[in-house]
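Position one of the sequence shown corresponds to residue -12 (my numbering), numbered consecutively onward.
Positions of the beta carbon are idealized from the N, C-alpha and C atoms, including for glycine.
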Amino acid sequence: MDTLEHPVIVALRDAGTLQPRDLAFLIRNGRSYTGAELPPGTETWPAGKCILASETLAQRHGWQFRTGFGLLPRSVVGDSRRLPLRHAWTTPDRERAFDAVWPDSEHAEYFGLGPEYEGWLDHAVDQQAAARKRGIPADLVPGSFAQSLRRQFGFG
């Protein structure tokens, strides 16, 4: 599947969750993950605890922590429009997403980054939300955290 057509990327673009330049940064530096059934015996966690759950399971099982966006499975939200949600999960192999928080997570969609980008992702989402609250079109907000990272650290 072409990255630009990944369901999470399409949902992010349609919802305006990120500024276009930040969405481009996510596309360049992120990757898709396939929802997978949790291994037997893996504990599940309550809603709202995705970061703590993912960090704990990564340490406990030697998996890798990932952060990004996900789309809840249709079994959870029905036929309604699936909105991209900021989320965290683990991966044993950079392909599968082990999600101990969402129900029916093997049918969810994921697109994310490694933990080194977690601060960028938080800031990009906050910046877009603040711009929308002020009624400023996203394309007119000067600068972005992604541009700052590229200038300072050569990311991107």
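Residue i lies in the beta strand (DSSP E); which residues open and close that run?
| i | result |
| --- | --- |
| residue 74 | 72 to 78 |
Output yes or no for whether 9 angstroms exceeds the beta carbon distance between residue i and residue j.
| i | j | result |
| --- | --- | --- |
| residue 94 | residue 71 | no |
| residue 108 | residue 55 | yes |
| residue 75 | residue 19 | no |
| residue 26 | residue 85 | yes |
| residue 91 | residue 112 | no |
| residue 83 | residue 21 | yes |
| residue 13 | residue -4 | yes |
| residue -1 | residue 98 | yes |
| residue 7 | residue 96 | no |
| residue 117 | residue 31 | no |
| residue 114 | residue -11 | no |
Name the one or two DSSP bridge partners that residue i has.
| i | result |
| --- | --- |
| residue 97 | 20 and 57 |
| residue 145 | Residue 145 lies beyond the residue range present for the chain, which begins at -12 and ends at 143; the question has no answer from this structure. |
| residue 83 | 21 |
| residue 51 | 78 |
Kindly indicate the opening and closing residues of the alpha helix (DSSP H) around residue i.
| i | result |
| --- | --- |
| residue 45 | 37 to 48 |
| residue -5 | -6 to 2 |
Alpha carbons only, please: which of the options is nearest the one belonging to residue i?
| i | options | result |
| --- | --- | --- |
| residue 45 | 78, -11 and 103 | 78 |
| residue 102 | -11, 16, -10 and 30 | 16 |
| residue 50 | 29, 80 and 65 | 80 |
| residue 35 | -2, 8 and 89 | 89 |
| residue 52 | 23, -11 and 105 | 105 |
| residue 48 | 29, 65 and 2 | 29 |
| residue 11 | 1, 66, -9 and 2 | -9 |
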